[in-house]
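>
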Ligand SMILES: Cc1cc2nc3c(=O)[nH]c(=O)nc-3n(C[C@H](O)[C@H](O)[C@H](O)COP(=O)(O)OP(=O)(O)OC[C@H]3O[C@@H](n4cnc5c(N)ncnc54)[C@H](O)[C@@H]3O)c2cc1C
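In the numbering used here, the protein residues as written are 16 to 468.
(1) Spell out the partners DSSP gives residue 210 in its beta bridges.
(2) Classify residue 350 as helix, strand or coil using the three-state DSSP reduction.
(3) Of the residues 401, 380, 312 and 182, which one's Cα is nearest the Cα of residue 357?
(4) So the alpha helix (DSSP H) residue 301 belongs to, where does it begin and stop?
(5) Round the Cβ separation of residue 204 and residue 173 to the nearest angstrom and send it over; I've been treating them as touching at under 8 angstroms.
(6) Is residue 86 helix, strand or coil by DSSP?
(7) Using a Cβ-Cβ cut-off of 6 angstroms (strictly less than) and excluding sequence neighbours within five positions of residue 387, which residues of its own chain qualify?
(8) Using DSSP bridges, identify the partner residues of residue 271.
(9) If you reduce the DSSP assignment to three classes, tell me which class residue 165 lands in.
(10) I'd like to know if the region 336 to 346 and the region 241 to 251 are in contact, where contact means that at least 3 CB-CB pairs between them fall below 8 angstroms.
(11) Take residue 450 and list the residues in its own chain whose beta-carbon comes closer than 7 angstroms to its own, dropping the five residues that flank it on each side.
(12) To the nearest angstrom, report how far apart residue 333 and residue 152 are at their CA atoms.
(13) Please determine if the region 392 to 407 and the region 419 to 438 are in contact, where contact requires at least 3 C-beta pairs separated by less than 8 angstroms.
(14) Could you check whether the Cβ of residue 363 sits closer than 7 angstroms to any heavy atom belonging to ligand 1?
(15) Spatial neighbours of residue 452 within its chain, please: C-beta separation below 6 angstroms, excluding the five flanking residues on both sides.
(16) Who does residue 242 pair with in a DSSP beta bridge?
(17) As a quick exercise: from 268, 223, 378 and 272, pick the residue whose alpha carbon is nearest that of residue 288.
(18) Which term fits residue 183, buried or exposed, when burial requires 16 or more other beta carbons within 10 angstroms of its beta carbon?
(19) Going by alpha carbons, who is nearest to residue 415 out of 361, 232, 163 and 323?
(20) Considering only the alpha carbon of each residue, which of 286, 342, 168 and 312 lies closest to residue 128?
(21) What first and last residue would you give for the alpha helix (DSSP H) that runs through residue 381?
(22) Could you tell me which of 312, 380, 260 and 308 sits nearest to residue 329, measuring between CA atoms?
(23) Check for me: the beta strand (DSSP E) holding residue 128 runs from which residue to which?
(24) From 107, 378 and 167, pick the residue whose C-alpha is nearest to that of residue 137; which is it?
(25) Please tell me whether residue 115 and residue 196 are closer than 8 angstroms, where the distance is taken between their beta carbons.
(26) What is the rounded straight-line gap between the Cα of residue 176 and the Cα of residue 222?
(27) Per DSSP, residue 336 is paired with what?
(28) Cα separation between residue 374 and residue 163?
(29) Return the bridge partner residues of residue 358 from the DSSP annotation.
(30) For residue 296, which of helix, strand or coil comes out of DSSP?
(31) Is any heavy atom in ligand 1 found nearer than 7 angstroms to the beta carbon of residue 374?
(32) Here's the rule: buried if 16 or more other CB atoms are within 10 angstroms of the residue's CB, otherwise exposed. What is residue 252?
(33) Which one or two residues does DSSP pair with residue 193 in a beta bridge?
(34) Which of helix, strand or coil does DSSP assign to residue 342?
(35) Tell me which residue opens and which closes the alpha helix (DSSP H) that residue 329 is part of.
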């Protein structure tokens with residue numbers, strides 16, 4: 016259900032609603048919904064602290080005296096984690112409100128591939144089908160070094176842009192979920208009843224608040240939860256599309272190209288075709304955002320790609336980089352002080368991980384599965400929502416193992432590329448050697464032929 020934070024009668028649907036296939040349900044598209052949507056603008060990223068506060072002052076006076084609306088659970092943030100949580104709790108029979116500033120998630124460079132454990136978790140949450148329908152599908156990853164396939168991994172992979180994941184999940188929301196387009200300004204959480212105030216002053220009350228606001232920090236601080244940055248600007252990732260005749264070779268495969276020069280501090284380049292026929296490239300590096308390599312890549316991505324991975328040129332033949340190069344900068348952080356009454360953090364609101372390790376979505380889907388299928392239903396079946404209850408989720412061995420693994424694998428990825436201690440240097444060369452021996456033992460059948468030959 017798409018509804019404003021207070022119903023003031025029907026109004027025509029804004030374009031984004033129509034693109035989500037929701038145009039038939041005009042009963043819940045109120046004037047307020049459209050106004051909020053326009054007011055929040057097109058930015059998915061949270062406002063800065065001062066911007067957010069001034070916005071409250073402007074809009075806070077519009078709805079004084081509005082009676083709070085009550086739910087079992089209010090989910091703040093409709094990214095992958097929040098939307099999946101809202102769907103799962105609604106299916107379990109709870110009254111759920113979901114709040115996000117944007118009706119339709121705009122393009123944003125984040126996870127663009129789903130595989131392995133992620134697909135298992137999506138199936139367990141009964142969310143696989145809706146994403147598979149919006150994705151391109153592959154069954155093999157071919158690892159390439161210096162123009163040779165060193166090894167291959169079989170297994171299903173979905174290629175799908177981040178915003179397509181979020182929007183496909185949002186289409187799965189049933190009418191019983193109260194999805195309101197609104198930015199949350201304040202959360203007051205305690206052991207019985209939680210209060211969530213949106214920027215126009217409307218209030219939502221619930222027994223449990225789920226904070227799924229990703230990397231936004233304002234609400235987390237309201238809850239007294241602090242962020243501990245473990246590694247600032249840990250990685251810089253680039254996302255772009257390629258125009259290449261080589262696309263036909265990619266049909267059922269993802270190609271992973273490893274850097275050919277250690278000094279480039281590039282982890283790998285992943286190429287896969289999307290549903291619209293474009294070849295998508297994800298390049299994961301450990302440069303700093305403003306360093307000369309990063310600046311040079313932004314200025315001339317094709318030349319930098321060819322100098323870092325020279326064998327790509329003869330393999331792919333003529334290729335061009337189409338459109339913009341997206342840049343993603345990741346800080347690695349964990350949270351402290353999260354054991355508190357009334358509110359629980361999931362996904363990137365709780366912790367981030369190295370994008371190159373490709374386990375951010377595993378982490379957040381594990382959160383959703385353990386919270387919404389195991390813990391929250393138990394908590395809601397008895398009175399109160401104190402910190403002892405909430406802590407059961409953070410102490411859940413499945414969640415803990417998933418978070419620890421994400422952090423460990425991410426750090427290993429980085430150290431294998433940039434580590435300077437003798438042990439990492441040894442491991443790096445052992446890996447090069449292993450790749451080389453594998454392709455030799457295979458009689459080099461994996462050597463990729465150039466598109467021109
Ligand atoms: C460049 C890059 C590449 C990545 N690649 C991969 C990959 O290949 N594989 C992988 O598994 N992971 C990858 N990740 C990680 C993965 O994308 C994230 O872990 C995931 O998107 C986090 O989802 P989330 O729902 O927790 O947060 P988000 O997706 O950030 O969603 C947060 C939501 O909260 C909303 N929100 C914020 N503030 C408020 C507010 N005040 N009120 C209401 N709503 C609010 C936002 O509008 C947004 O919709 C990558 C990340 C990056 C940056």
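We put the CB at the ideal spot given by N, CA and C, even for glycine.
Please read these numbers as outputs of a predicted model, since none were measured by experiment.
On the basis of the data shown:
(1) 203 and 220
(2) strand
(3) 401
(4) Looking at the DSSP string, residue 301 is not in any alpha helix (DSSP H), and its letter there is neither H nor E.
(5) At roughly 36 angstroms, the Cβ-Cβ gap does not stay under 8 angstroms, so residue 204 and residue 173 are not in contact.
(6) Residue 86 falls in the strand class under three-state DSSP.
(7) 100, 103 and 104
(8) 158 and 285
(9) strand
(10) yes
(11) 160 and 165
(12) 25 angstroms
(13) no
(14) Yes.
(15) Once the five neighbours on either side are set aside, residue 452 has no close Cβ partner at all.
(16) 350
(17) 268
(18) buried
(19) Out of 361, 232, 163 and 323, 361 has the C-alpha closest to the C-alpha of residue 415.
(20) Residue 128 has its Cα closest to that of 286, out of 286, 342, 168 and 312.
(21) 375 to 384
(22) Looking at the Cα atoms, 260 is the closest of the given residues.
(23) 128 to 130
(24) Nearest in C-alpha terms to residue 137, of all of 107, 378 and 167, is 378.
(25) yes
(26) 34 angstroms
(27) 257
(28) 26 angstroms
(29) 224
(30) The answer is strand: DSSP assigns residue 296 an E or B state.
(31) yes
(32) Result: buried.
(33) 112
(34) strand
(35) 327 to 331
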